[in-house]
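Heads up: the protein sequence lines correspond to chains H and Y, in order.
Each residue of the first sequence is one higher than the one before, starting from 2 at the first, in our numbering.
Each residue of the second sequence is one higher than the one before, starting from 287 at the first, in our numbering.
Some notes on the structure that comes next.
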Amino acid sequence: MPKVSMTVNGAAVSGDVDSRTLLVQFLRETLRLTGTHVGCDTSQCGCCVVHVNGDAVKSCTALAMSLEGADVRTIEGLANGDQLHPMQEAFRENHGLQCGFCTPGMIMTSVEMVKRKGFNLDEKTIREELEGNLCRCTGYHNIVKAIAAGAQAMGAKA
Amino acid sequence: MYAFTYHKAGSVAEAASLAAKHDDGKLLAGGMTLLPTMKQRLAQPSDIIDMGKLDDLRGIEVKDGVVAIKAMTRHVAVATSAEVMKALPALAELAAGIGDPAVRNRGTIGGSVANNDPAADYPAACLALGATIHTNKRAVKADDFFIGLFETALEQGEIITSISFPVPDKANYQKFRNPASRYAIVGVFVAKKGGDVRVAVTGAGDGGVFRQKDFEAALAKDFSAKAIENIKQAEKGLNSDIHADAEYRAHLIGVMARRAVAAAK
Chain H
2 MPKVSMTVNG
12 AAVSGDVDSR
22 TLLVQFLRET
32 LRLTGTHVGC
42 DTSQCGCCVV
52 HVNGDAVKSC
62 TALAMSLEGA
72 DVRTIEGLAN
82 GDQLHPMQEA
92 FRENHGLQCG
102 FCTPGMIMTS
112 VEMVKRKGFN
122 LDEKTIREEL
132 EGNLCRCTGY
142 HNIVKAIAAG
152 AQAMGAKA
Chain Y
287 MYAFTYHKAG
297 SVAEAASLAA
307 KHDDGKLLAG
317 GMTLLPTMKQ
327 RLAQPSDIID
337 MGKLDDLRGI
347 EVKDGVVAIK
357 AMTRHVAVAT
367 SAEVMKALPA
377 LAELAAGIGD
387 PAVRNRGTIG
397 GSVANNDPAA
407 DYPAACLALG
417 ATIHTNKRAV
427 KADDFFIGLF
437 ETALEQGEII
447 TSISFPVPDK
457 ANYQKFRNPA
467 SRYAIVGVFV
477 AKKGGDVRVA
487 VTGAGDGGVF
497 RQKDFEAALA
507 KDFSAKAIEN
517 IKQAEKGLNS
527 DIHADAEYRA
537 HLIGVMARRA
547 VAAAK
């Protein structure tokens, strides 16, 4: 079996994989990092979004083998110990979730959104940028509010 | 996904020789179409030749009235390139409208053009702008490149290295999205360069992207939305499916073309 090595949440990791192994399978099944979810498995829903070298990527649509040597960050790597990341805190404060299944992907997408679009995000930008993340519970209103607040909080911290 | 043998190409030459050697192999660029297709077991390549490490196939150059984009350049890079936004804003806007942010972070222009999905956006830009597709073997005009559904002039072992777009006087792309999949039900790219106007339609044709020459002739005489108001797009040769029948697509082609002409800059 081929072996793949990468950095996940700051730690060097490696594992034997089938060439077919998707990044999300490597994260969940090999590394047991089950915070990254598989919703649709067809690159529509965004529940599996992680950061690869800083870019938001749907981990259900990338081969683990392709990401040899990559720097990957998952939802587990966002908080600083017991202290939530400002975007996680904003989702909690604004009740930006109901069942929570889409939340890891929503938060990873949001953090990268702030990186590309800045700390002052208007509603239109947020809704457009969420095109690749589906939520079947909330109707998005509180998610949009949470992202705007989280972006501001990230700015205040920067 | 069916099993395959994985190869990581270290150079274009290596990728080409691997692709030539494995008849049932597939080149992997960003994987935004190929991987989902394989996951659904609609494709069963014996070998995957991953071009992800070919960094010399990434980059954008705007020079002498030509926007040249290397094949492995990701959609996000085209969408956010200050140079492309200035020289050919219609192309930057098109790239910004492909898929979603995570898809644009992985998907590449070369992958899109090589795949020639009948609902893909880039083929319309190539055809309307009179682009040239450069491969490891030759240069092919867009008019000769797109052959049919998922079919191009590319031969086994031939790899797109870059695509060059002559900068037009004015251009615009308008897309009517499927409300669920967000792919183009109809997309129309209009470009004017001197007295020459080209109109390319994606999403609608049963043979993939095509030029609307009646619109082109009318717009060459009078570049205004009014000039094509009364030209009827034939329904023959258009897709009819659960999302939109041929009559509706024909109607949308006119509407999208008029919007593109009005918005061209």
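We put the CB at the ideal spot given by N, CA and C, even for glycine.
Residues of chain Y with a Cβ closer than 9 Å to the Cβ of T43/H are, in chain order, P322, K325, Q326.
By the C-beta density criterion, D309/Y is exposed, having fewer than 16 other C-beta atoms within 10 angstroms. Your pair P322/Y and T62/H checks out as a contact, with CB atoms roughly 6 Å apart and the cut at 8 Å. A residue is called buried once 16 or more other Cβ atoms fall within 10 Å of its Cβ, and E437/Y, having fewer, is exposed. Its Cα nearest to that of A365/Y, the residue I384/Y stands out among I384/Y, A357/Y, A466/Y, P465/Y. Contact annotation for M287/Y against chain H: R21 [CB-CB distance below 7 Å, chain order]. Counted as a single uninterrupted DSSP element, the alpha helix (DSSP H) harbouring A543/Y occupies residues 532–549. Taking a Cβ-Cβ threshold of 9 Å, none of the residues of chain H is close to R344/Y; the smallest such distance is about 13 Å. Below the 7 Å Cβ cutoff, chain H contributes E132, G133 as neighbours of D386/Y, in chain order. For the 7 Å CB-CB criterion, T37/H and P105/H form a contact. Restricting attention to beta strand (DSSP E) runs no shorter than 3 residues, the stretch 297–364 of chain Y encloses them at 312–314, 333–336, 346–349, 352–356, ordered along the chain. The contact set of D336/Y on chain H, defined by CB atoms closer than 8 Å, consists of L64, M66, S67 in chain order. A contact is defined here as three or more CB-CB pairs under 8 Å, and the stretch 94–111 of chain H fails this definition with respect to the stretch 15–32 of chain H.
Identification of residues in the stretch 349–378 of chain Y having a C-beta nearer than 7 Å to some C-beta of chain H yields an empty set.
If you draw a 10 Å sphere on the C-beta of Y288/Y, you find fewer than 16 other C-beta atoms in it, and that means exposed.
Taking 7 Å as the threshold, the shortest C-beta distance from V73/H to chain Y does not fall below it. Taking 7 Å as the CB threshold, R390/Y stays off the interface with chain H. Just measuring C-alpha positions, the residue of A354/Y, A306/Y, L377/Y, I419/Y sitting nearest K461/Y is L377/Y. Residues of chain Y with a Cβ closer than 7 Å to the Cβ of D17/H do not exist, since the nearest Cβ in that chain sits about 13 Å away.
Between A439/Y and D430/Y, the C-beta spacing is below 7 Å. According to the DSSP assignment, M7/H belongs to the beta strand (DSSP E) that extends over 4–9. Secondary structure note for S450/Y: its beta strand (DSSP E) is the uninterrupted segment 446–452. Under the Cβ criterion of 7 Å, D123/H is not counted among the residues facing chain Y.
Each residue's CA atom was taken as its position, placing R468/Y and T418/Y some 28 Å apart. Considering only beta carbons, the part of the stretch 468–501 of chain Y lying closer than 8 Å to chain H consists of R468, in chain order.
The continuous stretches of beta strand (DSSP E) do not include G78/H, and DSSP gives it neither H nor E. Y408/Y has a beta carbon lying at 7 Å or more from every beta carbon in chain H. L68/H carries a helical assignment under DSSP once its states are collapsed to helix, strand and coil. Flagged as an interface residue toward chain H: Y292/Y, by a C-beta distance shorter than 7 Å. H52/H is bridged by DSSP to A57/H, R74/H.
Per DSSP, the unbroken alpha helix (DSSP H) holding T126/H starts and ends at 124–130. Taking M371/Y as the centre and dropping the five residues before and after it, the same chain places the C-beta of A378 closer than 6 Å to its C-beta, in chain order. Residues of chain H whose Cβ lies closer than 9 Å to the Cβ of M318/Y are, in chain order, S44, K59, T62. The beta carbon of V50/H falls within 7 Å of a beta carbon belonging to chain Y, placing the residue at that interface. Between V58/H and V9/H, the gap from beta carbon to beta carbon reaches 7 Å or more.
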